[in-house]
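Have a look at the structure below, then the notes.
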Amino acid sequence: MNKVSLAIRELHRSENDLATELLRTADRHKVDHEIFHVARDIAGWSQQHVRELARVGHDYDLDLDDEPQGVHEVLAEVRRKGSEMLGRRHAPSVLLLRDLRTVHRMAAGVSLDWEILAQTAQALSDRELLALSERCHPQTLRQLRWANAKLKEIAAQTVVTD
Amino acid sequence: MFLPTPGTAGDMTTVDRIADPWGSRTPYGPGQRWPTRVDTYLADGLTEDDVDRWVQSATILHSNGDGLDIAVKDGRMVGVRGRAVDRVNHGRLDPKDLFGWQANHSEDRLTAPLIRRDGKLVETDWDTAMDAVAGRTKELLDERGPSSVGFYTTGQLFLEEYYTLALIGHGGIGTNHMDGNTRLCTATAAAALKQSFGCDGQPGSYTDIDHADVIALYGHNMAETQTVTWTRILDRLAGPNPPAVICVDPRWTPVARAATVHLAPRPGTNVVLMNGLLHEILRRGWIDEKYIEDHTVGFDELRSRLADYPLEKAAEICDVPIEDLREAARLLGTAERLLSTVLQGFYQSHQATAAAVQVNNIHLVRGMLGRPGCGVLQMNGQPTAQNTRECGADGDLPAFRNWANESHVEDLARVWNIDPMRIPHYTAPTHLMQMMRYVEDGSIRFLYVSGTNPAVSLPELRRVREILTQDRLFLGVQDIFLSETAQLADVVLPAATWGEKTGTFTNTDRTVHLSEKAVEPPGQARPDLDIFVDYARRLDLRDKDGEPLVKWSTPEDAFEAWKECTAGRPCDYTGITYEKLRGGSGIQWPCNADAPDGTERLYENGKFWAAPDYCENYGRDMVTGAPVEPTEYRALNPFGKAIIKAGEYLPPHETVSDEYPYLLTTGRTLYHFHTRTKTGRAPQLQRAAPEVWVEMSASDAERHGWSEGDLLRIDTPRGHVTARLRISGIRTGVLFLPFHYGYWDTPAGHEPALEGRAANELTFTDWDPASKQPLFKSGAARVERVAVADDGPSAAPTTTASAPVSGSVPATSGGPDAEITETLDGGGPR
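Heads up: the protein sequence lines correspond to chains W and U, in order.
The first sequence: position 149 = 1293 (the numbering used here), numbered continuously.
The second sequence: position 722 = 832 (the numbering used here), numbered continuously.
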């Protein structure tokens, strides 16, 4: 397997992981409605990236699953119920900070993976790969900024009050 | 220069304005002055000769801002008359204003403070009540800090009151938690203006109607929400060279009936509709390339985004005939003077900000701003919503200062004579829905609600009631009636209302009006300003020199302080005084030394308030809601041009299924305002729309075998409502419920006894991430029949969007006590 294939495969994995983490974050914080809805919306971006990477992967003899891995529906429901049961308590907002931190870290990793792919595509003059990166990477950066912004928005309320 | 009108000068006619909400036509042509028609209603058969005095004011039951005079006899209000000299209405009044003032005299006005003792609200004195409110605030500040204190105000107080509240909250207590119920009605208007122009401020003017050759109304049933301005359009349509009208609405509204093109998209698809229209406008080259080049940034991104939205795709996703879309695009693309208005059909729908911004984009790519007839009106819902926004009582800092710009915060601290660190600005002021979440999780323990009724107006009412009834929450409510929310309070403060206090307020097109005190408030009720000032004194809030933080106690002094706060900012009031507002017309801000008579239109010659150092806001990502960072904005828009922002479509968060096969949308009717606290107490208005109904299309009703007046039960995962069926011209597959009907006039008081009737029992909690406006026109429902109609049709009005399309339904009328006088005098002020 050449190194481009490795980069695509790595990105396919990291986007899948990011989508899953976003979906889990959504479920764990279902009572925080904006977190719930936006995290699911932007998980959709990563899932779309997974599909596109699988398609491009064919050109590099990769057989990547074009179906995003998703989350286990029963576990998701358990997480949502848990969120609702704890909805009257302030303490779980610390867990939200932790989850946003995780999303941010993972999105930063995905962003770097896209940088690697874009640089590689340019060196190889692979227009399709470059176009893919130019299409997807901005969405990764928006996921990154979202995690950062939400964290800034809620940090004070989480930490200052008990 | 004036056209002949149906009546000759001075002609008086009597009109039942419940049966005919818009009154007589006074046709006029493009560029001409809208003729004057003075509407007068006096109760009890009184004539103008019986009136002791007329007191100047403006209308308070919608955002139109019509000038009126209140008739006073023997110390009581006895009627109203439109002000002929006012630029907004030229004498006309909305039925809500003709009759709504009677609510002031209701027997059930709050006349004494109430406090909860042993679980029950009992009368008390002002000292006890205010000590309880201020005392609990102080306790929490000591124990848990300012983040445990929140304020939720309204769109119906006066400018002076909002500014005082903003100073108390942001500058005195130092909490970031302050918002208005304007969040529900106008947050997206403000957000869309900030996204496109870097700053709030209505670009257009109502006078654009006098010049426009195409008028597009997006999700804006103006005929019911701003009836007087709709009358202006009707008069253009009845005159020579009338404008073409485009209506975007899933209901068969009066606007749709008058429209040249009516687009009824599937709810939740507004962004696709707008992108499709823009795609066609660009494809046909109907753009002003020089304007785009000179005055905007972001066009290339829009063009590449629109590549994904050909008209065919929009027609399919929105389920709108492509010929209609093409015709709408042609009208928009070839208009010489295009006026656009936007309201709740966009603002309370999925992807609110992204859709509203595309309306701005049409004007930007066509270079149609800042000239007569070329305007955008991102509308407001409530009468004083504009002031909540300006004064910093709704999630912004006062006078459109930018919370993310350190120098703006320092400047505000200078005006308030406090340390800048006292003004929370580490993040945007907390929006209402987030505040409710903080109340839910117990981190906010004190909520001071003034002039609004969240127990009926917020989505998912069961949740809202659960949040507001927690023992650990101290709920203070300041209102004029024992609303559903007030019934849940720990302390209720009785307020004076419009006509019983003095102050100013500003309408949708930036027109500032003075509203003078006409009569004494009932019992011990006090003006909201007095209550806020009292609260500040009891908290002993001080500036950095140890002087009282709130340095005024009268409305006029508060207004003068506000002027100082606005100096040099976009909403500059420095050229306005109470004296200048007396006697004549309202005045549009900015009004200062450079523009002593006010400013009709913003953004003439493509000059915007978007410079990085001056703008109110750097914008947000319209999908994630993440604020644009200052450095990013500076790089994007160093020269302060207008910002063209593309919008991508996302599927709605809740959509139809086998279990819930209908899309549910909620809204309003012409005869009521908000939760009916006033209009439900005005007999003519209440009779016109006495109870809740549900609308369904004829084909859906036929499929079920249901008839007009059948009792239906509407269910969502949040709750259920029962309502009688009105078969209307609504889009097939969509249900509509008016949101006005709560429980104050039912035995259970603040909640459903058995059957729900508040539309918000059904709505789900979701909001636009950029504007934070909750979605009330989204979600799926199922419906079943509970009983066959046994006593005739539903009580929905026949004059409005709820007009029946089948069966025999008697026409809505008001009878003798709804007859008012219209005086036509051919155009000149009286």
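Quick reminder that beta carbons are idealized off the backbone N, C-alpha and C, glycines included.
Quick caveat: nothing in here was measured; it's all calculated off a predicted structure.
ask   = Can LYS1296/W and GLU1228/W be called in contact, C-beta distance under 8 Å?
value = Judged by their CB atoms, LYS1296/W and GLU1228/W are not nearer to each other than the 8 Å cut-off.
task = Return the CA-CA distance between PRO205/U and THR787/U, expressed in angstroms with no decimal places.
result = For PRO205/U and THR787/U, the distance between alpha carbons rounds to 16 Å.
query = Using a Cβ-Cβ cut-off of 6 Å (strictly less than) and excluding sequence neighbours within five positions of PRO482/U, which residues of its own chain qualify?
reply = Shown here for PRO482/U: same chain residues with a beta carbon closer than 6 Å to its own, the five before and five after excluded, namely HIS321 in chain order.
key: Residue environment, ALA465/U, which counts as buried when at least 16 other CB atoms sit within 10 Å   = Classified as buried, ALA465/U has 16 or more neighbouring CB atoms from the shown chains inside 10 Å of its CB.
key: C-alpha distance - ALA354/U paired with ASP323/U, whole-angstrom precision   = Just so you know, the alpha carbons of ALA354/U and ASP323/U end up roughly 6 Å apart.
message = Given a cut-off of 8 Å on the beta-carbon distance, is the pair ALA677/U and ILE278/U in contact?
response = No, Cβ-Cβ distance for ALA677/U and ILE278/U is not below 8 Å.
task = Anything in chain W within Cβ reach of GLU865/U, meaning under 9 Å, just list it in chain order.
result = Within chain W, no residue comes near GLU865/U; the closest Cβ sits about 26 Å away, beyond 9 Å.
key: Interface partners of TRP1290/W on chain U, CB under 8 Å   = Neighbours of TRP1290/W in chain U, taken as residues whose beta carbon is under 8 Å from its own, are ASP731, THR734, GLY735, ALA736 in chain order.
inquiry  = Which runs of the alpha helix (DSSP H) at least 4 residues long sit entirely within the segment 799-848 of chain U? Give them in chain order.
reply    = Counting only runs of 4 or more, we get 808-814.
message = Among HIS372/U, ALA599/U, GLU818/U, whose alpha-carbon lies nearest the alpha-carbon of ALA242/U?
response = Ranked by how close their Cα comes to the Cα of ALA242/U, the residues HIS372/U, ALA599/U, GLU818/U have ALA599/U in first place.
query = If you follow the beta strand (DSSP E) that TYR772/U is part of, which residue opens it and which one closes it?
reply = Per DSSP, the continuous beta strand (DSSP E) segment holding TYR772/U begins and ends at 772-777.
ask   = Helix or strand or just coil, what does DSSP make of SER173/U?
value = It is coil, neither helix nor strand.
ask   = What residues from chain W crowd round GLY633/U, counting only those whose CB sits closer than 7 Å?
value = Within chain W, no residue comes near GLY633/U; the closest Cβ sits about 38 Å away, beyond 7 Å.
query = In or out: ASP504/U buried (at least 16 other Cβ within 10 Å) or exposed?
reply = By the 10 Å Cβ count, ASP504/U comes out buried.
task = Can you give me the Cβ contacts of SER904/U inside the same chain, cut-off strictly under 7 Å, excluding the 5 residues immediately before and after it?
result = The residues are TRP803, GLU818, GLY819, ARG834, LEU835, ARG836.
ask   = Taking contact to mean at least 3 C-beta pairs separated by less than 8 Å, is the segment 257-277 of chain U in contact with the segment 611-628 of chain U?
value = Using a Cβ-Cβ distance cut-off of 8 Å, the segment 257-277 of chain U and the segment 611-628 of chain U are in contact, since at least three pairs of beta carbons, one from each stretch, lie closer than that value.
query = At least one CB of chain U closer than 8 Å to the CB of ILE1186/W: is that the case?
reply = Between ILE1186/W and chain U, the shortest Cβ-Cβ separation is below 8 Å.
query = Are the segment 282-299 of chain U and the segment 491-508 of chain U touching by the rule of at least three beta carbon pairs closer than 8 Å?
reply = The segment 491-508 of chain U and the segment 282-299 of chain U touch, with three or more beta-carbon pairs separated by less than 8 Å.
Chain-order list of residues whose beta-carbon lies under 8 Å from that of PRO352/U (same chain, five-residue window excluded) = Within the same chain, ARG346 come within 8 Å of PRO352/U by CB-CB distance, once the 5 residues on both sides are set aside.
message = Please classify GLN266/U as buried or exposed, where buried requires at least 16 other C-beta atoms within 10 Å of its C-beta.
response = Around the beta-carbon of GLN266/U, 16 or more other beta-carbon atoms lie within 10 Å, marking it buried.
request  = For my contact list, ALA720/U and LYS751/U are in at a C-beta cut-off of 8 Å; report their separation, rounded to the angstrom.
outcome  = With a contact defined as Cβ atoms closer than 8 Å, ALA720/U and LYS751/U qualify at about 6 Å.
query = For TRP877/U, which residues in chain W fall below 9 Å Cβ to Cβ?
reply = What TRP877/U touches in chain W: HIS1177, GLU1178, HIS1181.
query = Closer than 7 Å, Cβ to any Cβ of chain U: which residues of the segment 1228-1240 of chain W, in chain order?
reply = Hits within the stretch, in order: GLY1231, ARG1232, ARG1233, HIS1234, SER1237.
request  = Run down chain U in chain order and give the residues with a C-beta less than 8 Å from the C-beta of ALA1262/W.
outcome  = Counting only Cβ-Cβ distances below 8 Å, ALA1262/W has no contacts in chain U at all, with the closest Cβ about 18 Å away.
query = Counting only beta-carbon atoms, is THR1284/W nearer than 8 Å to chain U?
reply = Not an interface residue.
ask   = Counting Cβ pairs closer than 8 Å, one from the segment 167-187 of chain U and one from the segment 210-218 of chain U, do we hit at least three?
value = A contact between stretches requires three or more CB pairs, one per stretch, nearer than 8 Å, and the segment 167-187 of chain U meets this requirement with the segment 210-218 of chain U.
inquiry  = On the CB-based measure, 16 or more other CB atoms within 10 Å of its CB, does HIS1216/W come out buried or exposed?
reply    = So HIS1216/W counts as exposed.
request  = Assuming THR540/U and MET732/U form a contact by the criterion Cβ under 8 Å, report the distance between their Cβ atoms to the nearest whole angstrom.
outcome  = Contact between THR540/U and MET732/U is absent: CB atoms are separated by about 20 Å, not below the 8 Å threshold.
ask   = Which residue from GLU576/U, ARG620/U, ASP429/U, ARG413/U puts its Cα closest to that of PRO493/U?
value = PRO493/U has its Cα closest to that of ARG620/U, out of GLU576/U, ARG620/U, ASP429/U, ARG413/U.
The segment 450-461 of chain U: positions lying closer than 9 Å to chain W by Cβ = Residues are counted here when their Cβ sits less than 9 Å from a Cβ of chain W; for the segment 450-461 of chain U the count is zero.
Cβ of LEU113/U within 8 Å of any chain W Cβ = Reliability of the predicted coordinates at LEU113/U is poor, the pLDDT of 41 falling under 50, and no value is obtained from them.
Where GLU1297/W meets chain U, residues with beta-carbon distance less than 7 Å = Taking the beta carbon of GLU1297/W as reference, the chain U residues within 7 Å of it are THR537, listed in sequence order.
The alpha helix (DSSP H) enclosing PHE209/U, as first and last residue numbers = Bounds of the alpha helix (DSSP H) holding PHE209/U are 205-210.
query = Which residues in the same chain have their Cβ closer than 6 Å to the Cβ of ARG342/U, if we skip the five residues on either side of it in sequence?
reply = So the qualifying residues of the chain are TRP144, ILE319.
task = Indicate the three-state DSSP secondary structure (helix, strand or coil) for THR118/U in the structure shown.
result = Caution is warranted here: a pLDDT of 49 is assigned to THR118/U, below 50, making its placement in the model unreliable, and the coordinate value is therefore given only provisionally. THR118/U: coil per DSSP, three-state reduction.
inquiry  = According to DSSP, is GLY245/U part of a helix, a strand, or is it coil?
reply    = In this structure, GLY245/U counts as helix in the three-state DSSP scheme.
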